[in-house]
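Participant:
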Amino acid sequence: MVHIEVPMLWSTLFIPTLRENPAEAEVASHQLLLRAGYIRQLSAGIYNYLLLAQRSFLKIQQIVREEMNAIGGQEMLLAVLNPAEVWQESGRWDLMGDNMFRLKDRAGRDLCLAMTHEEVMTVIARGELRSYKQLPQIWYQIQTKFRDEPRPKSGLLRVRQFIMKDSYTFDMDAAGLDAAYRKHHDAYCKIFDRCGLEYMVVEADSGAMGGSQSQEFTIASAAGEDLVVRCRNCGYAANLEKATSAATAPLAADPEGELAPEEFHTPGFKTIAELSGFTGLPESSQMKSLVMVATTGAGEKPVLIPVLIMVRGDHQLSETKLAAALGAKEVRAAQPHEIKEWFGAGAGSLGPVGVTKLRVLADLALQGRQNMITGANKDDYHLRHVTPDEDFKPEWFDLRQSVAGDACIQCGHPLETVKSIEIGHIFKLGYKYSESMGLRVLDEHGKEVTPIMGSYGIGIERILTCAVELFNDKDGICLPPSIAPFAAVITPANYKNPLQHEAADLLYKDCKHLGLDVLLDDRDERPGVKFKDADLIGVPYRVTIGKKLAEGKVEFVERRTRKSEDILLHDVPAHLQKALAAALVSSTAAKR
RNA sequence: CGGGGCGUAGCGCAGCCUGGUAGCGCACCUGCCUUGGGCGCAGGGGGUCGUGAGUUCGAAUCUCGCCGCCCCGACCA
């Protein structure tokens, strides 16, 4: 393949750097990508990617492509404009709700902009795959996705249009899916290693995607909006929605003995905190009662199921876990009037004793406890001496949200929570799409079987964004060489000086001949301006050609460490090659 | 969808309260000067003050509606 590109001369390139931070940018990556001239905003959550961003994205995409091809992935490019029918078949036309961009064509037909491509991939598969001999398949694309986010924010972190690598696997059985899933897991590790990111792999909820197993690749960052629970000791890590842990012991021991529930007056005390103050017992000695309404059943006729949930007073219910326990599409808190109708009491005085009309679910942290305090289902009254499994018979589930300080279920070490940004997600989908959309192939016995699917995503922009979040300082961005728009910038202190001019041009040509991705700062600017800009845009290496040229020497500076050495002009290309190779190795090695 | 903030030159902002010729810094253009960390001097160009209506002799400024953007919350394959 012949590559023709314009000369990378700064004076002719469009790199609109800003001296000041744009007012609307809050998080570091947003500020820096704007200031460094990578991106410009077009509308809320919609960005234009300028030269620098595009160069970085092309490098990221190339890494992704190489690793996907290495596991047998076949690259395609699917339609973004989708007819409604395809999404109606899987039931997601309704499920996606307002998050999907929808439009009508001139004939009034419903269309949407694809948020992901399970449906379309399945349509292709069911039209063409006939035999077990054609499986397994790994299909992927690098494609723009659309989501009408309720609140776009944080620059490129949450947007309405973005590039995603998404792949889909089709296998004959669960073992095949396991292998495909594993391959993706390993490929993703290599991709993020090569991009120079420090990432975590965490257990995740499979949510509206459906499916059995799922892991997220995430970056620890204060700018993130997800919470990851992790154990420093054994490496356990899970999304907060999914994390399980051992609760800390209750602050006070339960009263001993086979005591019967006993009503007591609690005038005006409704919250757990108020009751704690009134009874003098800690929140962990109480049972919190929550009335939730779960929506189950697919498509047109949703079924609403009210349930009573019991968790320890100081614990939080995880709605994700509850939905999973009930097999529900979504859960919500009951309205005050619903509670009054079902219990005859207000939300502040509810309890499980004597409840027969509703399913009662209790969190595992209450198992084995006795003689606790809870509501009496009578306004302004509570019960003491209530013992689960004796005074009421709940269904037991892990329903509570983990918190920092809980013990790791694998090793007992205290857990911590970190804010994080999701950059990749792998799912074992199961049969959800192949089943509902009628994908069938014949097995070796001529019997019709439904292939099992997986789906796997990587956010391209988020890789850049995370790298900027992770690697920046007061002067700007410090990108890993593998994803930086340029490997190095050649900076003659004074380009008008004939010697420096000549040396810079020569060096630029030599590097180009070696295939090195360099930028020549040929601008008629003061050295300070050129240094500031080079620091800002995050090019990993800078070669400064200045006074020492008289001795044949130039300055070779590493952006991230500011480490500087004087080397001979002729040695620069080899030196740069060595530095780039070393950077790749170390970024991989850092990941144990 | 709830709460808050903002909208004046490419960027960052002042002016608005108390109505009367639209300003500052940076960037940009020209010339001189300077050349190792966003130099210096001189001259210059650029704004229907988000938008529509209202009040007024007169609105960037006061009133009401709308739109857009940002932040917090709800939400988030």
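Note that the working numbering has the first sequence beginning at 5, numbered continuously upward. Just so it is clear, CB atoms sit at the ideal spot from N, CA and C, and this is done for glycine as well.
#1: Which runs of the beta strand (DSSP E), 3 residues or longer, sit entirely within the region 450-477?
#2: Would DSSP call V206 helix, strand or coil?
#3: What are the start and end residues of the alpha helix (DSSP H) that includes E153?
#4: By Cβ distance below 8 Å, which residues in the same chain neighbour S568 in space, the five residues on each side in sequence not counted?
#5: Between G95, H386, G358, which lies nearest to D393 when the distance is taken from Cα to Cα?
#6: Identify which residue in A508, C412, L279 has its Cα closest to the Cα of W14.
#7: With distances taken between CB atoms, is the gap from I313 to L387 smaller than 8 Å?
#8: Rounded C-beta distance between K451 and L181? I'm assuming under 8 Å.
#9: So if DSSP puts H121 in a beta bridge, which residue, or which two residues, is it bridged to?
#10: Can you give me the start and stop residues for the beta strand (DSSP E) that G434 sits inside?
#11: If you compare alpha carbons, which of T469, K382, F221, S438 is closest to T454?
#12: Could you give the residue range of the beta strand (DSSP E) that holds T548?
#13: Output the boundary residues of the alpha helix (DSSP H) element that contains N73.
#14: Please give me, in chain order, every unbroken run of the beta strand (DSSP E) with length at least 3 that falls completely inside the region 75-146.
#15: What separation, rounded to the nearest whole angstrom, lies between the Cα atoms of A27 and I481?
#16: Classify R566 as helix, strand or coil using the three-state DSSP reduction.
#17: Identify every run of the beta strand (DSSP E) within the region 249-328, keeping only runs that are complete inside it and at least 3 residues long; order them along the chain.
#18: Between P496 and K557, what straight-line distance do the alpha-carbon atoms span, to the nearest angstrom?
#19: Can you look up I487 in the DSSP assignment and give me helix, strand or coil?
#20: What do you get for Q339, buried or exposed, if any count of 16 or more other CB atoms within 10 angstroms of its CB means buried?
#21: Please give the ranges of any alpha helix (DSSP H) in the region 152-204, keeping only runs that are unbroken, at least 4 residues long and fully inside the region.
#22: Can you grab the Cα-Cα spacing for the pair I67 / I195, in whole Å?
#23: Kindly indicate which residue of D384, M291, Q145 has the alpha-carbon position closest to the one of P638.
#24: Restricting to Cα atoms, I'd like to know which of D258, A247, A208 is closest to E426.
#25: Quick check: what's the CA-CA separation for D102 versus I462?
#26: How far does the beta strand (DSSP E) with P496 in it extend, from its first residue to its last?
#27: From what residue to what residue does the beta strand (DSSP E) around S645 run?
#28: Does the structure place the region 47-61 close enough to the region 174-190 that three or more beta carbon pairs sit under 8 Å?
#29: Going by the CB atoms, is the gap between L446 and R130 shorter than 8 Å?
#30: Nearest-angstrom Cα distance between K595 and V543?
#31: If contacts are defined as beta-carbon pairs under 8 Å, then T391 and N375 qualify, I think. What distance do you get, rounded to the angstrom?
#32: Between the alpha carbons of T148 and R466, how many angstroms are there, rounded?
#33: Using a threshold of 8 Å, state whether the C-beta atoms of V222 and Y203 are closer than that.
#34: Just reading off the alpha helix (DSSP H) that W346 is part of, what are its end residues?
#35: Just to confirm before moving on: does the CB-CB distance between A74 and A191 stay below 8 Å?
#36: Distance, Cα to Cα, T324 vs I50?
Facilitator: Taking the geometry as given:
#1: 456-463
#2: strand
#3: Unbroken run through E153: none, as it is neither H nor E.
#4: E559, F560, V561, E562
#5: G358
#6: A508
#7: no
#8: No, K451 and L181 are not in contact; Cβ-Cβ is about 19 Å, not under 8 Å.
#9: Its beta-bridge partners do not exist; DSSP assigns none.
#10: 420-434
#11: S438
#12: 545-549
#13: 55-74
#14: 78-80, 85-87, 106-108, 114-117
#15: 19 Å
#16: coil
#17: 266-269, 291-300, 307-316
#18: 12 Å
#19: coil
#20: exposed
#21: 178-198
#22: 6 Å
#23: Only positions 5 to 596 of the chain appear in the structure, and residue 638 is not among them; the question remains open.
#24: A208
#25: 23 Å
#26: 492-496
#27: Residue 645 is absent from the structure shown; the chain starts at 5 and stops at 596.
#28: no
#29: no
#30: Annotation note: pLDDT 46 at K595 (below 50); position unreliable, no value reported.
#31: 6 Å
#32: 13 Å
#33: In the sequence as displayed, the identity of residue 222 is Thr instead of Val. Yes, the pair counts as a contact, with Cβ atoms nearer than the cut-off.
#34: 340-347
#35: yes
#36: 29 Å
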